[in-house]
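Have a look at the structure below, then the notes.
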Amino acid sequence: MYCHKCGAGIHKESRYCSNCGAKVETVSSTSKNYRRTPWVLPVVTFFAAFVVIGSYYILETNASNDLEDLLLEGEKWALEGELLLAKRDFEKVLEKRPNHIAAAFNLEIVERGLHYKGLIDKAVRYGELRQFDEGLRILDELERELANEDGLFFDRLKEQHTLKTASLTVENVGEDKHAFEELVLLFEKIENYTSEEAIQTAEVLKRKIIENTTEHGKYYLEKNQFTEAEAEFKLGLSYEPTNENLLAYKEAVKNQRIAFEKEEQKRLDKALTKAAEEEDLNWTKAVKPLTVEFKYDQGELHVWGEVKNVGTRPISEIDIHYAIFDDEGNQLTISVTGVTTEILMPNETGYFEEYLLISETVVHVEIIDYFWSVK
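Residues in the sequence shown are numbered consecutively from 1, following UniProt numbering.
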């Protein structure tokens, strides 16, 4: 121990300093404890702060884990098409973390999805009312909007759009001749989808395509339009190669084509024969004499008569050759005169006449030949 006055060393049992006589001050245990306080308090404060911060960290970690679970759950609902449940989860995240970027982004995506789904549902309602054109118009607008969207979430909506378009088109195909082509395009899209609904819709489309190709093929077959009929049946068989009905119709096209071509050849031969006969008629037998008469008129022999065009084409430049006979049957002379009608149509009658000076007695006039040109 040391004196607090002079600093001289003193015995621990002494009450006064042997050097200066000052009374020695004693330090109680309480005082000793007091001297320890300056370093004990910071330590306690540090541990208290550690506990508080640790607890806060644990709470924050647990809260963050809960939010991440909500976020993942919302994404799962979105991909499964449960958009309202997804929207609820993302909104819960944003209630606790208003600046949560992923939740805000996902919420925006889901709200766009709800808009698109609303249009699909609206189109379906029009279909239920059999207002197919209006329903398809809405789906056409939706297709243009979805064209700007990418990602798995929107791919599911695009598939739904295609399936609903297919359903309305199937219903509308009987009333719209252009809808059949749309069926084929839709089938090509849907056959790449793997969902159960897509598989069922593809089967419905295939049945409808085959039904329509069969009906179209039968129509052409009845009209003897064999090339068109065969094309329709082949189109149907491209979707179902073993379809017995289509195979039978395809064979019928082949057989009927052969029979028709044989009959057509017969008709052609007959027509050619008839045309040749008509041509021969027009050139060799078109003029038919009807009458020839004569009388004396003031010293002249007046000869006249009629001929008819019995051919099938107009004729002109008709010359009539006739002979004049006396009472003993002797031919006195031969004369030629023309029909007054310039062009004689089929079944029309033409007139001819001539005046001759002849001294002998005429008892008979006879047409012996006639010539004409065919128009």
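Cβ atoms here follow ideal geometry from the backbone N, Cα and C, with glycine treated the same way.
Residue i vs residue j beta-carbon contact at 8 Å
i    : j    : result
L246 : K208 : no
T337 : I320 : yes
A166 : L152 : no
L157 : Y126 : no
V303 : Y322 : yes
V307 : V365 : no
L301 : L356 : yes
I358 : I324 : yes
I210 : A198 : no
Span of the alpha helix (DSSP H) around residue i
i    : result
D269 : E244 to T284
Q200 : E196 to E222
I138 : F132 to L146
V170 : L152 to N172
T227 : F226 to Y239
L84  : L83 to K96
Segment limits, beta strand (DSSP E) that includes residue i
i    : result
Y126 : That residue, Y126, is in no beta strand (DSSP E); its alpha helix (DSSP H) goes I101 to E128.
Y322 : I315 to F325
K288 : V287 to D297
T361 : Premise fails: T361 is in no beta strand (DSSP E) and is neither H nor E.
K308 : E300 to N309
G338 : Q331 to G338
Distance between residue j and residue i (C-alpha atoms, nearest Å)
i    : j    : result
E230 : K206 : 19 Å
D121 : T227 : 43 Å
F46  : N65  : Note that F46 scores 43 on pLDDT, short of 50, meaning its location in the model is unreliable; the coordinates nonetheless yield the value given after this. Using only the alpha carbons, I get a separation of about 28 Å.
I58  : I138 : Residue confidence is low: I58 scores 41 on pLDDT, short of 50, so the model does not pin down where it sits. Its coordinate-derived value is still stated next. Answer to the nearest angstrom: the Cα atoms are 52 Å apart.
Y249 : E203 : 22 Å
K96  : H161 : 35 Å
W372 : N224 : 43 Å
L94  : E68  : 12 Å
I315 : V374 : 5 Å
E240 : E159 : 24 Å
N255 : E171 : 35 Å
S335 : G299 : 18 Å
P346 : L221 : 39 Å
H216 : A271 : 32 Å
E128 : L168 : 9 Å
E348 : R313 : 11 Å
Y370 : D297 : 25 Å
E80  : T242 : 37 Å
K218 : S238 : 17 Å
L71  : L83  : 13 Å
R130 : V124 : 10 Å
F105 : F180 : 41 Å
Integer-rounded CB distance, given that residue j should sit under 8 Å from residue i
i    : j    : result
K87  : L119 : Between L119 and K87 the Cβ distance is about 17 Å, and since that is not below 8 Å, they are no contact.
T194 : L163 : No, T194 and L163 are not in contact; Cβ-Cβ is about 13 Å, not under 8 Å.
D326 : E354 : Rounded, the Cβ-Cβ distance is 18 Å, inconsistent with contact.
Closer than 8 Å to chain D by CB, residue i
i    : result
H302 : You won't find chain D in this structure, because it holds only one protein chain.
**Asked** Okay, do the stretch 139-155 and the stretch 106-122 touch, 3+ Cβ pairs below 8 Å being the bar?
**Response** Enough Cβ pairs lie closer than 8 Å, so yes.
**Request:** Indicate whether the contact test is met: 3 or more Cβ pairs, each with one atom in the stretch 249-260 and one in the stretch 280-293, closer than 8 Å.
**Result:** The stretch 249-260 vs the stretch 280-293: no contact.
**Message:** Whether or not the stretch 323-337 and the stretch 270-277 are in contact is what I'm after, with contact meaning three or more pairs of Cβ atoms, one per stretch, closer than 8 Å; do they touch?
**Reply:** The stretch 270-277 is not in contact with the stretch 323-337.
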